[in-house]
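Structure, as structure tokens:
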Amino acid sequence: MKLKILAPLSLAFIGRCSAGGNPTCCQQLTSVFPALVYFPNSTAYSASLGEYFTEQEFSITPTCFFHPFTPAEIATALPILSASNCPFAVKSGGHGIWGGLANIQDGVSIDLAEFNGVDVDGGEQGTVARVGVGMKWGDVYDFLGARGLAVVGGRWGSVGVGGLILGGGISFFSTRKGFACDTVVNHQIVLATGEIINANATSNPELWQALKGGSNNFGIVTRVDLLAFPQGDFWGGLIINPFSEEAFEHFTNALHIFSSDPEYDENASLIFTYNFDSSTRTWIIISNVQYTSIAGYPSNLEPFTSYEPQLINTMRVSNLSDFAITNSEGEEEGTTRSLYFTRTYVSSEVLIRQIFEIFNSTVYNTLSIIEEDVTWGITAEPFPPILTQYGKLNGGNILGLDPSDGPLILFLATVTWHDSVNDLPITQAIETYFSQIDTLSKSLGLYNEYSYLNYAYKDQKVMKGYGKENLQQMKSLSKQFDPEGVFQRLVPGGFKLDD
Ligand SMILES: Cc1cc2nc3c(=O)[nH]c(=O)nc-3n(C[C@H](O)[C@H](O)[C@H](O)COP(=O)(O)OP(=O)(O)OC[C@H]3O[C@@H](n4cnc5c(N)ncnc54)[C@H](O)[C@@H]3O)c2cc1C
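Put into structure tokens, the structure is as follows:
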């Protein structure tokens, strides 16, 4: 179905809105959708707010939440918001990290939670799962698992479909199938003009490519059609080792060998983390390991699964839902302040060692200035060429990654704390840390421009990291599909094309 509603002429409006907004925006929406607009003190408003993962997002209070059920309702709402220059935010699962990413103070937050349908069908392209963006990955896996199927999606069951897939999407299956976005065969998207279109290999193919990493820069995606595949139980779980100098030597070497293996085993997936608890001043080492075939205990994962002593070992054969749900256990939405910051470098034992050692110094330097208990983590996720090849193989994405970049490792710093007074010292510590690592990696010839959008901090130049040509392409597509620049100037949350 194609539905076009002409946008009224917008007022001349230059620049990007950061907050505030026209108080009549919510009233205008209410007059058209009396049952879909929710204000503070309503149950639905609280429910939407309660879905945000971080305290920074949870503490932002939009004037109203708009809860559409259909693309047509969004198609009616967007021209209204555009015509009155109403700042708005777009939320799917609410698991983005920084405050203002998917929520907006005194603006309109569009909550896509009602886009929660999934079905599966066989067609020319094989088995395709049509997934509503408001779904959580755990629910998608439950539905598909009951049919012996899986898709490439998040590894934490609580994470939303929309944000993850539009920013890339790292999965247990990524070395077998690519980023989650590489498996999208069709996006259903509502443009700012009110047009509802499909973007796929034959219809709006350039937009289809740009949505594979382009996030909320072009419109509101309401459904993604994903390649599904048969998947049985597999082997995976968590190993936690206590920190020791010997363990540090062992894992530094193991991580490099695993990440740069020219014969990288496509079934193997690793999330490797050093975690520091400032209350006990202890480091632990966490290997979140999956081997997505029933043939368990592969030798390339042994350095992570067999190293002793171990504090915890949950390795088992189970299903995708179980692994994803277990990862999310213990999450308490909206209660903790968080910072994620990410960079990507070519794998090298020398650099890996420095990345962990300098992180340790960074953390220790904060102990005298931050009084509350803080948890610090530095995580490594290998991006071998067999992963980055799927962009091109599946019709192209916009991420700017290529197998010729070599065996990359994504590094993610995560910090959690409670008191907002510590926002600044923590942010400064992490920014300084990564600028040191950037400099070091450049001097070693191991620098890579790419930063993963879904883990990036708001000041990071994510879109520039996709490369000049890709950025230019996105800008020209933005002009074509969003001629009034609504998603650039009225949606401040996210990584914009001029950032
Ligand atoms: C506990 C946890 C586990 C995670 N695990 C993984 C993982 O395994 N793999 C991985 O790759 N990432 C992971 N992430 C990162 C995750 O991909 C991002 O946080 C992602 O943004 C979450 O998607 P969401 O729909 O919940 O986000 P939201 O917070 O709802 O949205 C994030 C951004 O996407 C935009 N957006 C969302 N939906 C739409 C839409 N339909 N149309 C247009 N724009 C939209 C929003 O405007 C916002 O800017 C994890 C994060 C957390 C907190």
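The sequence shown runs -19 to -1, 1 to 480 under mature numbering (1 follows the signal peptide of the UniProt record, and there is no 0).
All C-beta atoms in this analysis are idealised placements derived from N, C-alpha and C, irrespective of residue type, glycine included.
6 Å Cβ shell around residue i - same chain, five flanking residues per side excluded
i        : result
Glu430   : Gly446
Tyr428   : Ser422
Phe96    : Gly113, Val114, Gly115, Thr203
Ala94    : Gly115
Lys456   : Leu478
Ala235   : Pro284
Gly466   : none
Ala182   : Gly376
Asn248   : Tyr272, Thr273, Ser274
Lys(-18) : For Lys(-18), the predicted model reports a pLDDT of 32, less than 50, meaning its position is unreliable; a value from the coordinates is still stated below. Here the set comprises nothing.
Proximity of residue i and residue j at Cβ, strictly below 8 Å
i      : j      : result
Ile333 : His237 : yes
Val140 : His76  : yes
Ala261 : Gly358 : The amino acid at residue 261 is misidentified as Ala; the sequence shows Thr. Against a cut-off of 8 Å, the Cβ pair of Gly358 and Thr261 comes out as no contact.
Ser459 : Val443 : no
Asn300 : Trp137 : no
Val205 : Ile146 : yes
Thr286 : Ile220 : yes
Thr156 : Ser280 : no
Trp118 : Ala305 : yes
Thr5   : Ser65  : yes
Gly218 : Met296 : yes
Ala209 : Leu82  : no
Val298 : Asp386 : no
Asn179 : Gln169 : yes
Cβ-based neighbour list, residue i, same chain, cut-off 8 Å, excluding 5 preceding and 5 following
i      : result
Val99  : Ala110, Arg111, Val112, Gly113, Met116, Asp120, Val121, Phe124, Leu125
Asp415 : Before going on, a small fix: residue 415 reads as Phe here, not Asp. The answer, listed in chain order, is Phe322, Arg324, Ala394.
His231 : Pro284, Tyr288
Gly31  : Phe39, Glu314, Gly315
Pro228 : In the sequence on display, residue 228 carries Ala and not Pro. Around Ala228: Asn222, Ile266, Tyr288.
Ala16  : none
Glu187 : Gln454, Leu458
Buried versus exposed call for residue i [16 or more other C-beta atoms within 10 Å across all chains shown]
i           : result
Asp463      : buried
Ile275      : exposed
Ser(-2)     : Low per-residue confidence applies at Ser(-2): pLDDT is 40, beneath 50, and the placement is therefore not dependable enough to give any value.
Lys158      : buried
Glu105      : exposed
Asp92       : buried
Lys193      : buried
Asn74       : Sequence inspection shows Gly at residue 74; the Asn mentioned does not correspond to that position. So Gly74 counts as buried.
Pro43       : buried
Val331      : exposed
residue 482 : With the chain running from -19 to 480 in the structure shown, residue 482 is simply not present.
Asn435      : buried
Leu292      : exposed
Ile(-6)     : Confidence in Ile(-6) is poor, its pLDDT being 34 and thus under 50, which makes the residue's placement unreliable; the coordinate value appears in the next sentence. Answer is exposed; the Cβ neighbour count stays below 16.
Thr420      : exposed
Tyr326      : buried
Val13       : exposed
Tyr278      : exposed
Beta-carbon proximity list for residue i, same chain, < 7 Å, skipping 5 on both sides
i      : result
Val472 : Phe69, Ala70, Val71, Asn197
Tyr26  : Tyr19, Phe20, Phe46
Gln370 : Pro384
Ser240 : Ser328, Pro363, Pro365, Pro388, Ile390
Glu353 : Trp398, His399, Asp400, Asn403
Ile252 : Asn269, Thr360, Glu362
Leu62  : Cys6, Phe69, Val89, Leu471
Gly148 : Gly194, Ser196, Leu434, Asn435
Nearest residue (CA-CA) to residue i, options the options
i      : options                        : result
Gln417 : Phe340, Leu380, Gly200, Gly103 : Phe340
Ala127 : Asn248, Val344, Ser302, Gly466 : Ser302
Asp246 : Phe153, Gln86, Gln212          : Phe153
Thr108 : Leu292, Arg297, Thr164, Ala58  : Thr164
Gly426 : Pro43, Leu389, Lys439, Gly194  : Leu389
Asp242 : Asn256, Phe50, Pro366, Asn222  : Pro366
Gly381 : Ala191, Val89, Gln461          : Ala191
Thr317 : Val13, Gln37, Leu17, Ser23     : Gln37
Thr408 : Gly150, Phe392, Thr343, Thr156 : Thr343
Thr263 : Tyr436, Trp118, Gly149, Glu226 : Glu226
Gly195 : Ile379, Lys373, Asn185         : Ile379
Thr35  : Trp79, Gly148, Thr347, Gly143  : Trp79
Val355 : Trp189, Glu54, Arg297, Phe257  : Phe257
Ile350 : Ser259, Asp386, Glu412, Phe392 : Ser259
Phe224 : Ser12, Gly217, Lys439, Thr233  : Thr233
Leu282 : Ala161, Trp216, Leu188         : Trp216
Phe476 : Phe199, Ser29, Ile177          : Phe199
Review point. Of all the alpha helix (DSSP H) runs that stay within the bounds of the stretch 197 to 230, which reach a length of 4 or more residues?
Key: none
Point to revise | Within the stretch 234 to 270, ranges of the beta strand (DSSP E) (whole runs, at least 3 residues) | key: 249 to 258
Point to revise | Segments of 3+ residues assigned as beta strand (DSSP E) that fall wholly inside the stretch 74 to 161 | key: 89 to 92, 99 to 104, 107 to 113
Check your understanding: Unbroken beta strand (DSSP E) runs of length 3 or more, entirely within the stretch 336 to 394: which are they?
Key -> 356 to 364
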